[in-house]
Amino acid sequence: MGKNVVVLGTQWGDEGKGKIVDLLTEQAAAVVRYQGGHNAGHTLVIDGEKTVLHLIPSGILREGVECLIGNGVVVAPDALLREITKLEDKGVPVRERLRISPACPLILSYHVALDQAREKARGDAKIGTTGRGIGPAYEDKVARRGLRVGDLFHRERFAAKLGELLDYHNFQLVNFYKEPAIDFQKPLDECMEYAEMLRPMMTDVTAVLHDLRRSGRDIMFEGAQGSLLDIDH
């Protein structure tokens with residue numbers, strides 16, 4: 061039976077997780093991102109060339125390694141597609157080897173606006189978030205109201221849920237934080253474009269992991285952020 065190896069940080073981040081994952085990936089059949097978002101930054105240096113990865117698993121730079129993004133990851137589609145393009149410009153065949161769970165929660169423009177508005181309102185007592193919408197996206201997931209990657213492929217359902225979410229979040233932005241409301245049409249049009257670019261990479265990540273386990277292959281789970289950043293600490 062293959063091994064399941066989890067690499068995580070036990071401090072506040074920047075422990076060198078990406079480098080350790082890259083070192084151990086030589087023995088892995090697949091590398092999985094299972095939590096966090098594009099606020100992570102894993103720096104790898106291979107053959108003297110520096111690459112910083114935010115959403116894509118570190119195994120993407122190793123030939124023959126499957127790369128999976130599981131449903132615990134919050135995905136900003138614009139950030140993911142930019143990262144894919146940068147790697148493909150370097151000759152890395154990302155779309156051939158990256159697979160994404162349709163159950164991943166989406167980070168959209170209203171999450172970013174809320175994140176930044178909250179930090180601004182806290183003033184000197186601000187938390188120090190990256191302002192990329194990570195926290196608000198997880199809030200929507202836990203509250204069972206968030207949009208997921210799989211919703212992108214059903215336009216009418218997506219539009220209906222997006223409208224409800226904008227009503228909810230715009231109320232906070234306008235009335236509590238005194239910030240401008242997020243428009244409905246622009247994020248809808250953008251997301252429909254993202255859908256067609258992401259569609260070929262969709263897969264049942266859970267099924268892939270079960271198949272890898274049954275075949276006795278080693279799987280690497282790549283953590284993001286540090287344990288001591290947890291709200292319980």
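Residue numbers (the working numbering): 61 to 293.
Just so you know, even glycine gets a beta-carbon here, dropped at the ideal spot from N, CA and C.
Please read these numbers as outputs of a predicted model, since none were measured by experiment.
Cutting at 7 Å between CB atoms, please list the residues of its own chain near residue i, excluding the five before and the five after it.
i: residue 215; result: 252
i: residue 99; result: 190, 192, 194
i: residue 176; result: 191
i: residue 217; result: 211
i: residue 196; result: 171, 174, 175
State the beta-bridge partners of residue i as determined by DSSP.
i: residue 158; result: 127
i: residue 282; result: 67, 93
i: residue 262; result: 160
i: residue 133; result: 96
i: residue 166; result: 135
i: residue 208; result: 165
Is it true that the CB of residue j sits closer than 8 Å to the CB of residue i?
i: residue 112; j: residue 101; result: yes
i: residue 283; j: residue 68; result: yes
i: residue 203; j: residue 237; result: no
i: residue 169; j: residue 131; result: no
i: residue 178; j: residue 261; result: no
i: residue 233; j: residue 242; result: yes
i: residue 255; j: residue 213; result: yes
Using a Cβ-Cβ cut-off of 8 Å (strictly less than) and excluding sequence neighbours within five positions of residue i, which residues of its own chain qualify?
i: residue 65; result: 84, 88, 278, 279, 280, 281
i: residue 224; result: 205
i: residue 42; result: Residue 42 is absent from the structure shown; the chain starts at 61 and stops at 293.
i: residue 115; result: 93, 97, 98, 100, 129, 133, 135, 136, 139, 140, 143
i: residue 125; result: 85, 88, 89, 90, 91, 119, 157
i: residue 272; result: 62, 89, 90, 126, 279
Could you tell me the distance, in whole angstroms, from the CA atom of residue i to the CA atom of residue j?
i: residue 229; j: residue 174; result: 8 Å
i: residue 95; j: residue 145; result: 22 Å
i: residue 245; j: residue 127; result: 33 Å
i: residue 186; j: residue 292; result: 18 Å
i: residue 268; j: residue 156; result: 15 Å
i: residue 266; j: residue 188; result: 34 Å
i: residue 152; j: residue 184; result: 43 Å
i: residue 167; j: residue 117; result: 18 Å
i: residue 82; j: residue 235; result: 46 Å
i: residue 80; j: residue 123; result: 17 Å
i: residue 207; j: residue 231; result: 18 Å
Within the same chain, show all residues whose beta-carbon is closer than 6 Å to that of residue i, passing over the 5 residues directly before and after it, in chain order.
i: residue 148; result: 154
i: residue 227; result: none
i: residue 201; result: 165
i: residue 258; result: none
With 16 other CB atoms within 10 Å as the buried threshold, where does residue i fall?
i: residue 270; result: exposed
i: residue 240; result: exposed
i: residue 209; result: buried
i: residue 220; result: exposed
i: residue 290; result: exposed
i: residue 264; result: exposed
i: residue 150; result: exposed
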